[in-house]
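Protein sequences, first through last, are from chains R and S. Going by our numbering, the first sequence opens with residue 19, and the numbers climb by one from there. Going by our numbering, the second sequence opens with residue 19, and the numbers climb by one from there. Just below is one structure, and these are the notes that go with it.
2 protein chains.
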Amino acid sequence: MSTRGERTERTERGERGRRGDTRQRLYRAAVDLIAEQGYTATTVDAIAERAGVAKGTVFYNFGSKEALFAGLLDHGIERLADALAEAARAPSASPVATLDALVLAQLRFVDEYGPFARVLLAEMWRAAWQEAVLRLRTSVLGVYERVLEEAVRAGELREGLDTATAATAVFGMVLTVAIERRALRPDHPLDDVHATLVELIHGRISGR
Amino acid sequence: MSTRGERTERTERGERGRRGDTRQRLYRAAVDLIAEQGYTATTVDAIAERAGVAKGTVFYNFGSKEALFAGLLDHGIERLADALAEAARAPSASPVATLDALVLAQLRFVDEYGPFARVLLAEMWRAAWQEAVLRLRTSVLGVYERVLEEAVRAGELREGLDTATAATAVFGMVLTVAIERRALRPDHPLDDVHATLVELIHGRISGR
DNA sequence: CCTTTTGAACTGACCAGTCGGCACAAAAAG
DNA sequence: CTTTTTGTGCCGACTGGTCAGTTCAAAAGG
């Protein structure tokens, strides 16, 4: 609610130039700290210090701690959605093969942006960030859901499958496993994890 | 840190009597508020007020906000572990059928103790609660893992399956879906959700 | 009586947000 | 070319308020 910030529309999405740099540094510092301590426990002073920036700069760029966090969520969700959309766009043998690629892409995303993934998992269901959750559901879960529907149409998955629930299930499964791996079993090879999850989804898990 | 709290070992697990009542009320109030606002944002004053208890009582019973929260986590994890263990103990046609029962039990638990489930999901990977996480892994995930191993031994699941990863996967999948259902689709019948998840796990999802 | 709870006052630390000012580059004026 | 102005990004001390935890005398309970 400051009169400042977002003053220059010249740089459009604020990605370029000095200011863009500062914002990236603040996102990074904030997500790291919030992943460790939680949103409320993370002070703006600490974020500024880790980013190598004065406290005033945070408010100059974002107006409030909440706005910084909202921007951070949007930014990360956009990256995740892009990563999944790209994986879905790549040519594959079948819709189910595309699903495998989505799982791998999500695993890789968490591997690379672990702190963001933890923040996402922790804050996903907080009422305060409704807007961001909505974006997550349409842009990220939407990718899963579309691929699942395609697989149903192609006859690869059972007709009448509740694709919305299945999409959430796969997303949550991958997120949980990937975060656990990063936290407790970092040398467990990503491909092994991917193989196990894919088995689970395909039903190749069954020995019958 | 405080010299007070945990004074009487007479009531052992502090479940009975006047003091036990107070503790239960405090657990409930705390878990509700923390689910909504997060740990740090929830003040002891607010917890005491919602529990209908004086602030001093919180510190008389738990010694600190942190100890209250640690007790709350332990308490909830124990309940969850009990619920799953009971489901696993019930007679069933096969290990895989037991797995289905576990999923249903977990769904029901989240349905009943939604706020706790949200707190668990949010705080699960925070370094501060290492001890509780360890208990979660041995007592809750352990139930899943044992059933999965049994299914492997019975030849119902593929030999060599990474049961540890699979256990985490199923647990995270169910937790995510159940919380999403509670938050956004409360009238979606629990049994439908259960059916979809069970299909996913069994591989009956495949139409081939 | 001994345990538990109450309620209110107090402290000391901590924190989001503010504000006046600095640095610097590029444009405008001379 | 030199000087002045302007806009932008950044700085960091400061403020007003909040909160965990303490203390304690008195009451309730069993």
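Backbone N, C-alpha and C fix where the C-beta goes; we use that ideal spot for every residue, glycine too. It should be emphasised that the depicted structure is a prediction, and the values quoted were computed from it without experimental measurement.
Return the CA-CA distance between residue i and residue j, expressed in angstroms with no decimal places.
{"i": "Gln-42 (chain S)", "j": "Val-165 (chain S)", "result": "32 Å"}
{"i": "His-93 (chain S)", "j": "Val-170 (chain R)", "result": "43 Å"}
{"i": "Ala-101 (chain R)", "j": "Val-211 (chain R)", "result": "19 Å"}
{"i": "Thr-26 (chain S)", "j": "Ala-69 (chain S)", "result": "Here the model assigns Thr-26 (chain S) a pLDDT of 35, short of 50, so the residue's position is not dependable, and the following value carries that caveat. If I take the Cα positions, the gap works out to 22 Å."}
{"i": "Arg-28 (chain S)", "j": "Ser-157 (chain R)", "result": "Because the pLDDT at Arg-28 (chain S) is just 33, under 50, the model does not fix this residue reliably, and the point stays unresolved."}
{"i": "Phe-189 (chain S)", "j": "Val-62 (chain S)", "result": "31 Å"}
{"i": "Phe-134 (chain R)", "j": "Glu-167 (chain R)", "result": "28 Å"}
{"i": "Asn-79 (chain R)", "j": "Glu-96 (chain R)", "result": "20 Å"}
{"i": "Gly-173 (chain R)", "j": "Gly-160 (chain R)", "result": "20 Å"}
{"i": "Arg-153 (chain S)", "j": "Asp-39 (chain R)", "result": "42 Å"}
{"i": "Gly-81 (chain R)", "j": "Ala-64 (chain S)", "result": "28 Å"}
{"i": "Glu-84 (chain R)", "j": "Met-191 (chain R)", "result": "29 Å"}
{"i": "Leu-175 (chain R)", "j": "His-206 (chain S)", "result": "22 Å"}
{"i": "Asp-129 (chain R)", "j": "Ala-123 (chain S)", "result": "31 Å"}
{"i": "Thr-186 (chain R)", "j": "Val-49 (chain S)", "result": "25 Å"}
{"i": "Gln-148 (chain S)", "j": "Pro-204 (chain R)", "result": "17 Å"}
{"i": "Tyr-162 (chain R)", "j": "Ala-184 (chain R)", "result": "9 Å"}
{"i": "Ile-219 (chain S)", "j": "Ile-219 (chain R)", "result": "7 Å"}
{"i": "Arg-127 (chain S)", "j": "Phe-77 (chain R)", "result": "Note that residue 127 (chain S) corresponds to Phe in the displayed sequence, not to Arg. Distance between the alpha carbons of Phe-127 (chain S) and Phe-77 (chain R) is about 43 Å."}
Quick one: is residue i buried, meaning 16 or more other Cβ sit within 10 Å of its Cβ, or exposed?
{"i": "Ala-113 (chain S)", "result": "Reading the sequence as shown, one finds Pro at residue 113 (chain S) and not Ala. Per the 10 Å Cβ criterion, buried."}
{"i": "Glu-217 (chain R)", "result": "buried"}
{"i": "Arg-199 (chain R)", "result": "buried"}
{"i": "Ala-47 (chain S)", "result": "buried"}
{"i": "Arg-233 (chain R)", "result": "The structure shown does not extend to residue 233 (chain R), since chain R is modelled only from 19 to 226, so the question has no answer here."}
{"i": "Ala-16 (chain S)", "result": "Coverage of chain S is limited to positions 19 through 226, which leaves residue 16 (chain S) absent and any answer about it impossible."}
{"i": "Glu-177 (chain S)", "result": "exposed"}
{"i": "Ala-72 (chain S)", "result": "exposed"}
Chain R partners of residue i, CB-CB under 9 Å?
{"i": "Ala-140 (chain S)", "result": "Gly-56, Leu-139, Ala-140, Glu-141, Met-142, Trp-143 and Arg-144"}
{"i": "Asp-210 (chain S)", "result": "Asp-180 and Thr-183"}
Does the beta-carbon distance from residue i to residue j come in below 8 Å?
{"i": "Leu-51 (chain R)", "j": "Leu-86 (chain R)", "result": "no"}
{"i": "Ala-119 (chain S)", "j": "Ser-110 (chain S)", "result": "yes"}
{"i": "Ala-196 (chain R)", "j": "Leu-125 (chain R)", "result": "yes"}
{"i": "Ala-66 (chain S)", "j": "Thr-58 (chain S)", "result": "no"}
{"i": "Ala-182 (chain S)", "j": "Ala-88 (chain S)", "result": "no"}
{"i": "Ala-121 (chain S)", "j": "Leu-179 (chain S)", "result": "The question names Ala, yet the displayed sequence has Val at residue 121 (chain S). Not closer than 8 Å, so no."}
{"i": "Ala-106 (chain S)", "j": "Thr-116 (chain S)", "result": "yes"}
{"i": "Gly-56 (chain S)", "j": "Gly-56 (chain R)", "result": "yes"}
{"i": "Thr-60 (chain R)", "j": "Thr-194 (chain S)", "result": "no"}
{"i": "Ala-213 (chain R)", "j": "Arg-136 (chain R)", "result": "no"}
Could you name the residues of chain S that residue i contacts, counting a contact when the two beta carbons are closer than 8 Å?
{"i": "Thr-194 (chain R)", "result": "Thr-186, Ala-187, Phe-189, Gly-190, Met-191, Leu-193 and Thr-194"}
Which residues in chain S have a C-beta closer than 7 Å to the C-beta of residue i? List them in chain order.
{"i": "Glu-198 (chain R)", "result": "Thr-186"}
{"i": "Arg-59 (chain R)", "result": "Per the sequence shown, the amino acid found at residue 59 (chain R) is Ala instead of Arg. In chain order: Thr-58."}
{"i": "Ala-227 (chain R)", "result": "Beyond the ends of chain R as shown, which are 19 and 226, falls residue 227 (chain R); an answer cannot be given."}
What does residue i reach in chain R if we use C-beta pairs closer than 7 Å?
{"i": "Ala-48 (chain S)", "result": "Those within 7 Å of Ala-48 (chain S) in chain R number zero; the least Cβ separation is about 15 Å."}
{"i": "Arg-136 (chain S)", "result": "Trp-143"}
{"i": "Ile-219 (chain S)", "result": "Leu-218"}
Which bits of chain R does residue i rub up against, with CB to CB less than 8 Å?
{"i": "Thr-214 (chain S)", "result": "Leu-179, Asp-180, Thr-183, Ala-184 and Ala-187"}
Could you tell me whether any non-hydrogen atom of the ligand COA is closer than 7 Å to the CB of residue i?
{"i": "Val-192 (chain S)", "result": "Judged by which ligands are present, the structure shown has none, so any question about the ligand COA falls away."}
Open item on the list: With three or more beta-carbon pairs closer than 8 Å as the criterion, would you say the segment 139-152 of chain S touches the segment 139-151 of chain R?
Closed with: In short, these stretches touch, since the Cβ pair count reaches three.
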